[in-house]
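K.L.:
Residue numbers (the numbering used here), protein chains in the order written: chain A, 613 to 1156; chain B, 613 to 1156. For each residue, glycine too, the CB sits at the ideal point set by N, CA and C.
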């Protein structure tokens, strides 16, 4: 069991090469230097994705320009982001073709189940949030009589309050580099209401979605390829991409699929020790809770073990908590790592902890607004100054996103005019997501060779597919990973876009895909029947 | 003259140490390795900025946390961003103090002239732009009758058109990683209308302001400290910060203050050759036009020389053109580098050129919206795929910023209901900025020992101050750069916040500050009299 999880055996070769190299840990089992291996792999991927018909001559057309693919930053080449990778590029091409030849495909539309992007699939925004944003965008209508006919009274009041919190009432000005102080006050109050422990507005850094916050922490922590970050496998590829871009080493720890994608401290410890024995300085542990792509919700007791582990081993805990409001099962609850640590008696100076939150997820799903924040605790003022400085270089995050982040952490309350309708919208979205998760989970589990864990939270299912040997050989014949081969066939047959498991990492020899639960509920039966029909055909074609 | 400009003599020592080290070129004149020099300098700055009273014990309070200031990424430590640096931090403290002790200072308010943030100083947004943004934020009011009483007819029509361009009409969804295609079409059309040469929407990458676009290009081009980027001195410190964060070397070229901050190709050539002789691979040339902090507008002929230079020397041309609509003198005009290159007969495959544009500047000044784009031309499809991939990792820029970028490149036209009022708002802002620039320039030039070049464009003045020897000694006694000493005294006496020239780079032994022209016009006389009074007192105190 311990051996099975030994990192250098377990991360699939292509994954290691293309996404987390070059670093001494990951490449220790290979004989050639990573850059030499990397180029052909990257080149192959590029040929696959190329939009021109003569890929080999592409670069020569640009022979008089100074930069070639061989002379760009190799860290950029090494980075991979499958959520918008090959399958999505193919889907976009299909979609373009369908505009000119609508009858050429056996389906009417492309269904993007590759990404947690609820409103792209028809989810409607929460009315109250949009009312406040619109009023803040055009404050000069706030005191006009027609406005009262168009907007709820509490959205008008909230817009007034929000604008009052902005220095000079200037919604078009750069803010403080961490975000508008009054909005951070509201977010801190929201965290306190959620956790029962105080939060400091000076710990909040508002960012354009959670991704820039993750990059900032990686930039701060990673000095060279000898610095490692413990990441779950499977993981959300923002982490592997960010580690690659900043030139660090991804130190994998495996979630236990048999135990509902459980997180075992013994596995963390093994991987940490293996990495250390190879000279890697492990700086931080990434935990995604609820899990992406895996959908599990950690038990509080498990979280306590993780906190103890970070404390004992001197690791920064990077807690991706962007799905904190996406929980679909009655027996699980979200606990922030900060709440867990404080409830164990650990204070500000006992644990370095960063919690990431985003307006893109939850029941709001406002991906396009690019709002989010990180709550940074347990770092000395000297280091905080450095984080502030890096935030300052980009001046500030967008103000609409900042306002929205304050709204999701401080939504309408009992007694507010919008409260009932707000609650109805929220409950409708969350209960529908729970039903969709259950239906898709059941449907997947009914397919031959497919096993899907419970979708306790987040927005995804990550079923395992036991592919027949013939399918694996067919994939190898076209130089594709077997799960990519499956996903490509699924797309071509049904228009459904999923992300192959290899984009997230998986135990070698196992194959998965990630599929969101986000298509609108009335579409789910059709999706299930298309998926079921495709899968039967696929298995009939390749069954050993 | 040539010797005077020799880079290793000219970049001030502190600047080199703290902002563009470590790299072999910049540190060649120092005996110790850059990291050893860096730490005390950074530590000094931090002590200066520290908010605690016992700076030396700060870190020890956090002795049980894993990360110390000595163990973070040294590239982060090396980066500096003076626009939000020491003086601004002091100003924020003063502002806080004034809330509890309003009578303690000889002024009523802090005037932030440190940053190009027009709306923070009272500039009003363009009504049409805000109408469209508000309607796109809350599209469900689009077809209500009250809306017609509150919004202009063409803003309603434009909002309908904009939303129709968004797949699924989902303003809350992640977009294509480069931005919404229909909006890129509009931007490309706007570029064509501006330049008279076609633009391809596939060349446009929409970003959260221009800063992330600059970072993306630096990330792509810089492999190690042996890669250099030619940057103007003085420069906007985003460039030095971004080069430092990505671990490259800033190769300085000096603008000629005597010639109105002119850009001489002979100087470019000298600096390029010096860098190359030290083993630096120079990859790109940054040009800021109109200039920041220097305010000059390049002549077309000068731009042609620059294009030829990049072409001949194999350099990527990174053109910061965010002030393209901020021109205040009748004898100067903005020409984009793309237009200049195309008019010289250079096509897509002849020159690698990236143009940066932002909604934060111009007459719109919508800094808080974080909209912007880069137009990427002259890179092979293989490299374009890599830029696309890096953009994908952050998913997309915020949709409001994307919409606003499309609006500023496609504003109301003759015949539209809003056209007259739009034009009146725009002209009022630009003509007032021109008057303010002139008044401040005249006032500065009337001060003893101060010489200020013409503000032809952008939002800044960058006067040179000839400081008396006594003032320089007084600055050294408190371990401050003389221009920082001056700026600190100015702040304490008047509440006016400017940025010391050392934050932008300057010929050693010369001292400057950057001051925006953005305070509202009715405040300018008071600012001038406060500034004049302060300067007289300062000179009386320190005159040799």
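If you draw a straight line from the alpha carbon of residue 861 of chain B to that of residue 887 of chain B, how long is it in whole angstroms?
P.N.:
Counted from its first residue, the second chain places residue 861 of chain B at position 249. Counted from its first residue, the second chain places residue 887 of chain B at position 275. C-alpha separation (whole angstroms): 10 Å.
K.L.:
Taking only three categories from DSSP, how would you classify residue 840 of chain B?
P.N.:
Residue mapping note: residue 840 of chain B aligns to position 228 of the second chain, counting from 1. Strand, per DSSP.
K.L.:
Going residue by residue through the stretch 750 to 814 of chain A, where are the continuous alpha helix (DSSP H) segments of at least 4 residues, counting only ones entirely within it?
P.N.:
757 to 762, 765 to 776 and 793 to 807
K.L.:
Is there a C-beta anywhere in chain B that falls below 8 Å from the one on residue 991 of chain A?
P.N.:
Within the first chain, the letter at position 379 stands for residue 991 of chain A. Cβ-Cβ to chain B under 8 Å: yes for residue 991 of chain A.
K.L.:
What residue from A:1037, A:1098 and A:1128 has the CA that sits closest to residue 1151 of chain A's CA?
P.N.:
Counting from 1 along the first chain, the entry for residue 1151 of chain A is found at position 539. It is A:1098 whose Cα lies nearest to the Cα of residue 1151 of chain A.
K.L.:
In or out: residue 713 of chain B buried (at least 16 other Cβ within 10 Å) or exposed?
P.N.:
Indexing the second chain from 1 puts residue 713 of chain B at position 101. That one is exposed.
K.L.:
What is the DSSP secondary structure of residue 1143 of chain B, reduced to helix, strand or coil?
P.N.:
As a working note, residue 1143 of chain B is residue 531 in the second chain. Looking at residue 1143 of chain B - three-state DSSP - the assignment turns out to be helix.
K.L.:
State the Cα-Cα distance for the pair residue 1062 of chain B and residue 1053 of chain B, rounded to the nearest angstrom.
P.N.:
In the second chain, residue 1062 of chain B corresponds to position 450, counting from 1. In the second chain, residue 1053 of chain B corresponds to position 441, counting from 1. Rounded to whole angstroms, residue 1062 of chain B to residue 1053 of chain B spans 10 Å at the Cα level.
K.L.:
For residue 998 of chain A, which residues in chain B fall below 8 Å Cβ to Cβ?
P.N.:
Stepping through the first chain from its first residue, residue 998 of chain A is reached at position 386. Those within 8 Å of residue 998 of chain A in chain B are 681, 684, 688 and 689.
K.L.:
Tell me, please, whether the CB atom of residue 876 of chain A is closer than 8 Å to any CB atom in chain B?
P.N.:
For this step, residue 876 of chain A is matched to residue 264 along the first chain. It does not; no Cβ of chain B falls within 8 Å.
K.L.:
Around the C-beta of residue 765 of chain B, are 16 or more other C-beta atoms found within 10 angstroms, so that it is buried, or is it exposed?
P.N.:
The residue you call residue 765 of chain B lines up with position 153 of the second chain. Classification for residue 765 of chain B: exposed.
K.L.:
When you compare only the Cα positions, how much space is there between residue 854 of chain A and residue 1134 of chain B?
P.N.:
Counting from 1 along the first chain, the entry for residue 854 of chain A is found at position 242. Counting from 1 along the second chain, the entry for residue 1134 of chain B is found at position 522. Going by the C-alpha atoms only, they are around 48 Å apart.
K.L.:
Tell me the rounded alpha-carbon separation between residue 691 of chain B and residue 857 of chain B.
P.N.:
Numbered from its first residue, the second chain carries residue 691 of chain B at position 79. Numbered from its first residue, the second chain carries residue 857 of chain B at position 245. Straight-line Cα distance between these residues: approximately 6 Å.
K.L.:
Could you give the uninterrupted runs of the beta strand (DSSP E) lying entirely in the stretch 988 to 1055 of chain B, keeping only those of 3 residues or more?
P.N.:
None, since the stretch 988 to 1055 of chain B contains no complete beta strand (DSSP E) of that length.
K.L.:
Suppose you measure from the CA of residue 960 of chain A to the CA of residue 815 of chain A; what does that come to, to the nearest Å?
P.N.:
By one-based count along the first chain, residue 960 of chain A stands at place 348. By one-based count along the first chain, residue 815 of chain A stands at place 203. Going by the C-alpha atoms only, they are around 11 Å apart.
K.L.:
Can you check whether the CB of residue 905 of chain A is closer than 8 Å to the CB of residue 846 of chain A?
P.N.:
Looking up residue 846 of chain A in the first chain gives position 234. Looking up residue 905 of chain A in the first chain gives position 293. For the 8 Å CB-CB criterion, residue 846 of chain A and residue 905 of chain A form a contact.
K.L.:
Looking only at its own chain, which residues have a Cβ that is under 6 Å from the Cβ of residue 1028 of chain B, when we skip the five neighbours before and after it?
P.N.:
For the purposes of this step, residue 1028 of chain B is identified with residue 416 of the second chain, where counting begins at 1. These residues qualify, in order along the chain: 766.
K.L.:
So residue 1147 of chain B contacts chain A; which residues on that side make the cut at Cβ distance below 7 Å?
P.N.:
As a first step, residue 1147 of chain B must be located in the second chain, where it is residue number 535. Residues of chain A passing the Cβ test: none, with the nearest at roughly 27 Å.
K.L.:
Give me the DSSP bridge partner(s) of residue 931 of chain A.
P.N.:
Looking up residue 931 of chain A in the first chain gives position 319. Answer by DSSP bridge pairing, in chain order: A:899 and A:967.
K.L.:
Among A:1016, A:920 and A:1033, which residue has its Cα nearest to the Cα of residue 878 of chain A?
P.N.:
The residue given as residue 878 of chain A occupies position 266 in the first chain. The shortest Cα separation from residue 878 of chain A among A:1016, A:920 and A:1033 belongs to A:920.
K.L.:
With a 10 Å radius around its C-beta and 16 neighbouring C-beta atoms as the bar for buried, classify residue 757 of chain B as buried or exposed.
P.N.:
Counted from its first residue, the second chain places residue 757 of chain B at position 145. Exposed, since its Cβ has fewer than 16 Cβ neighbours within 10 Å.
K.L.:
Any C-beta of chain B sitting closer than 8 Å to the C-beta of residue 1144 of chain A?
P.N.:
Within the first chain, numbered from 1, the residue matching residue 1144 of chain A stands at position 532. In terms of beta-carbon proximity, residue 1144 of chain A stays away from the interface with chain B, with every pair separated by 8 Å or more.
K.L.:
Between the stretch 942 to 956 of chain B and the stretch 795 to 815 of chain B, do at least 3 Cβ pairs fall closer than 8 Å?
P.N.:
yes
K.L.:
Would you kindly work out how many angstroms separate the C-alpha atoms of residue 1094 of chain A and residue 728 of chain B, rounded to a whole number?
P.N.:
The sequence position of residue 1094 of chain A within the first chain is 482, counting from 1. The sequence position of residue 728 of chain B within the second chain is 116, counting from 1. For residue 1094 of chain A and residue 728 of chain B, the distance between alpha carbons rounds to 53 Å.
K.L.:
Do residue 828 of chain B and residue 1003 of chain B come within 8 Å of each other at the CB atom, strictly closer than that value?
P.N.:
Within the second chain, residue 1003 of chain B is the residue found at index 391, counting from 1. Within the second chain, residue 828 of chain B is the residue found at index 216, counting from 1. Their beta carbons are under 8 Å apart, which means residue 1003 of chain B touches residue 828 of chain B by this criterion.
K.L.:
Counting Cβ pairs closer than 8 Å, one from the stretch 701 to 719 of chain B and one from the stretch 1121 to 1128 of chain B, do we hit at least three?
P.N.:
no
K.L.:
Show which residues of chain A have a CB atom less than 8 Å away from the CB atom of residue 693 of chain B.
P.N.:
Indexing the second chain from 1 puts residue 693 of chain B at position 81. Near residue 693 of chain B (Cβ distances below 8 Å), the residues of chain A are 1001, 1004 and 1005.
K.L.:
Compare the beta carbon distance of residue 900 of chain A and residue 859 of chain A with 8 Å and say whether it is the shorter of the two.
P.N.:
Residue 900 of chain A sits at position 288 when you count from the first residue of the first chain. Residue 859 of chain A sits at position 247 when you count from the first residue of the first chain. Not a contact, by the Cβ cut-off of 8 Å.
K.L.:
With 16 other CB atoms within 10 Å as the buried threshold, where does residue 852 of chain A fall?
P.N.:
Locating residue 852 of chain A in the first chain gives position 240, where the first residue counts as 1. Looking at its Cβ environment, which holds 16 or more other Cβ atoms inside 10 Å, residue 852 of chain A is buried.
K.L.:
Work out the CA separation of residue 1101 of chain A and residue 841 of chain A for me, nearest whole Å.
P.N.:
Taking the first residue of the first chain as 1, we reach residue 841 of chain A at position 229. Taking the first residue of the first chain as 1, we reach residue 1101 of chain A at position 489. Approximately 35 Å between the Cα atoms of the pair.
K.L.:
For residue 1058 of chain A, does the count of other Cβ atoms within 10 angstroms reach 16, so buried, or fall short, so exposed?
P.N.:
Within the first chain, the letter at position 446 stands for residue 1058 of chain A. Per the 10 Å Cβ criterion, exposed.
K.L.:
Taking C-beta pairs closer than 9 Å, name the residues in chain A that residue 762 of chain B reaches, listed in chain order.
P.N.:
The residue given as residue 762 of chain B occupies position 150 in the second chain. Those within 9 Å of residue 762 of chain B in chain A are 750, 753, 756, 758, 759 and 762.
K.L.:
Does residue 706 of chain B come within less than 8 Å of chain A when only Cβ atoms are used?
P.N.:
Here the question's residue 706 of chain B lines up with position 94 in the second chain. So no, residue 706 of chain B is outside the interface.
K.L.:
Determine the closest residue to residue 930 of chain A out of A:1144, A:1020, A:969 and A:1070, with distance taken between C-alpha atoms.
P.N.:
In the first chain, residue 930 of chain A corresponds to position 318, counting from 1. Of the listed residues, the one whose Cα sits closest to residue 930 of chain A is A:969.
K.L.:
Ends of the alpha helix (DSSP H) at residue 1084 of chain A?
P.N.:
For the purposes of this step, residue 1084 of chain A is taken as residue 472 along the first chain, with counting starting at 1. Residues 1081 to 1089.
K.L.:
Out of B:873, B:680, B:889 and B:869, which one is the CA nearest neighbour of residue 863 of chain B?
P.N.:
By 1-based counting over the second chain, the position of residue 863 of chain B is 251. Of B:873, B:680, B:889 and B:869, the smallest CA-CA separation from residue 863 of chain B is found for B:889.
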